[in-house]
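Quick mapping for you: the protein sequence lines, in order, are chains A and B. Each residue of the first sequence is one higher than the one before, starting from 1 at the first, in this note's numbering. Each residue of the second sequence is one higher than the one before, starting from 191 at the first, in this note's numbering. Glycine included, C-beta positions come from ideal geometry on N, C-alpha and C. Everything below concerns the one structure shown next.
There are 2 protein chains.
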Amino acid sequence: MTELKRYITSYFGIQPTSLESIASLFQPGTLGKGDFMLKTGEHCEHLSFIRSGLVRIYVPTESGVEVTQWISNQGSFITDLSSFIFDTPARWTIQALTDTELFTISQADYRSMGKLVPEWNALEVRFLARCFATMEDRIFAHLSMTAEERYWAFFENNKDLFNQVPLQYIASMLGMTPETFSRIRKKATL
Amino acid sequence: MTELKRYITSYFGIQPTSLESIASLFQPGTLGKGDFMLKTGEHCEHLSFIRSGLVRIYVPTESGVEVTQWISNQGSFITDLSSFIFDTPARWTIQALTDTELFTISQADYRSMGKLVPEWNALEVRFLARCFATMEDRIFAHLSMTAEERYWAFFENNKDLFNQVPLQYIASMLGMTPETFSRIRKKATL
DNA sequence: ATAAGCTCTTGATAAATATCAAGAAATCAC
DNA sequence: GTGATTTCTTGATATTTATCAAGAGCTTAT
């Protein structure tokens, strides 16, 4: 569990002494490759921290095409935030792309954190604001950049991901077809 | 100020008795048409609730093209959330599209709300999660819909906006040029 | 009322991206 | 290792969307 505390500390960038009680609410667990953590329509009852592994958030659409919303790797949190916070049916499906080690907290324990650890309230606001800012950046990318520009901007910050997951998922997450994605990559090697 | 309390209550969907002390932290104010509430690069020191009027959030890019990120109307909050929460330089410029009446709270007072009113912590989490969910919806729209589909989805939920603001702003916010926007509208009337 | 700015529309054209189809390359299961 | 799947690439083509340019329609200020 010391490991989790180190992660939490580094994730939030501060070292509250009451980290101990936060960390004790998370339960270690694992997912096998292909296992689902959540399926669209279910209620998302957990928030997990990825200790190791890769997890994909996506939604299977009516047309049969999957839309990948995000790929999370180790050192980040994963959940369907809306479903987790508002206890509404999940929009997203969450599936492990590789064997994955997690630390998981339940909705109930998560809600108790603020009472248990007063510092958490400020941390949580920053956590959520960071999630928001990430989305805001993505929107901006779609409003102002071409597919190729989005590719390079993402590549620059996530080089490691490109040899760990099927590229079609990255393509979808960047809002382009696998073919367009492939052609952008080809241009780079010529 | 009773009015503000009514707004806050309806916005958050619950009626905390300590709403009184929250409401007292907001100061009434006005913006004239064209006035700036914030400019890109400044620190966003305020969060405002729009009592009446229309406000645009945008960024002037290097190329001279403006990217409109959002248009807020009465009954909603407006700020550069990242800048407000993390006290970093603002990415966005915020400008009144019409004469506007606001209730405004400063960063310092905002931070004090949790101590003043314990219920606020839970409200704030829901507030931020809602902001996040809105962005998530927009991302999904860009990953899975054409310009025309985005137009109609937005129109369906924001009909009133279309005769209140320059349409080019809505076009930009939906990620298309004014020409494409105009052509989609033309198809609708044929 | 008129002129000056904006804003929106329209047409012609170019560029970006998607679609469809097939084959190559990589990965997985036994 | 071999065959079966999945993933990626490539080409041909269609569709969507952007760009450029001009004009029409509104607003606004004087």
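| Check | Outcome |
| --- | --- |
| Contacts of V315 (chain B) in chain A (Cβ-Cβ under 7 Å) | I85, E124, L128 |
| The region 281 to 288 of chain B / the region 261 to 272 of chain B touching (three or more Cβ pairs under 8 Å) | yes |
| is_contact[E346 (chain B), chain A] using C-beta, thresh 9 Å | no |
| Listed by chain order, chain A residues near G254 (chain B) by CB distance under 8 Å | Those within 8 Å of G254 (chain B) in chain A number zero; the least Cβ separation is about 12 Å. |
| Assigned secondary structure, T98 (chain A) (DSSP; H/G/I helix, E/B strand, else coil) | coil |
| Those residues which DSSP pairs with Y248 (chain B) across a bridge | B:T258, B:T283 |
| For F216 (chain B), the first and last residue of its enclosing alpha helix (DSSP H) | No alpha helix (DSSP H) holds F216 (chain B); DSSP gives it neither H nor E. |
| Residue burial classification, N158 (chain A) (beta-carbon count within 10 angstroms, cutoff 16) | exposed |
| Terminal residues of the beta strand (DSSP E) in which L237 (chain B) lies | 236 to 242 |
| Under 7 Å by beta carbon: chain B residues contacting G114 (chain A) | N311 |
| Distance CB(I212 (chain B))-CB(S238 (chain B)) smaller than 9 Å | no |
| Nearest residue (CA-CA) to E232 (chain B), options B:G222, B:S273, B:L318, B:R328 | B:S273 |
| Sequence-distant residues of its chain with Cβ nearer than 6 Å to D225 (chain B) (five each side left out) | A286 |
| Interface residues of chain B facing A147 (chain A) [CB-CB closer than 8 Å] | Here the premise fails: no neighbours, minimum Cβ distance about 11 Å. |
| Reduced DSSP secondary structure (H/G/I, E/B, other) of M176 (chain A) | coil |
| Where D350 (chain B) falls, given that 16 or more other Cβ within 10 Å makes a residue buried | exposed |
| Local Cβ density within 10 Å of D87 (chain A), reported as buried at 16 or more and exposed below that | exposed |
| Chain A contact residues for M227 (chain B), given Cβ-Cβ distances below 7 Å | Per Cβ cutoff of 7 Å: no residues; M227 (chain B) is ~17 Å from chain A at best. |
| Euclidean distance between Cα positions of V55 (chain A) and F103 (chain A) | 14 Å |
| CB contact below 9 Å: V355 (chain B) versus chain A | no |
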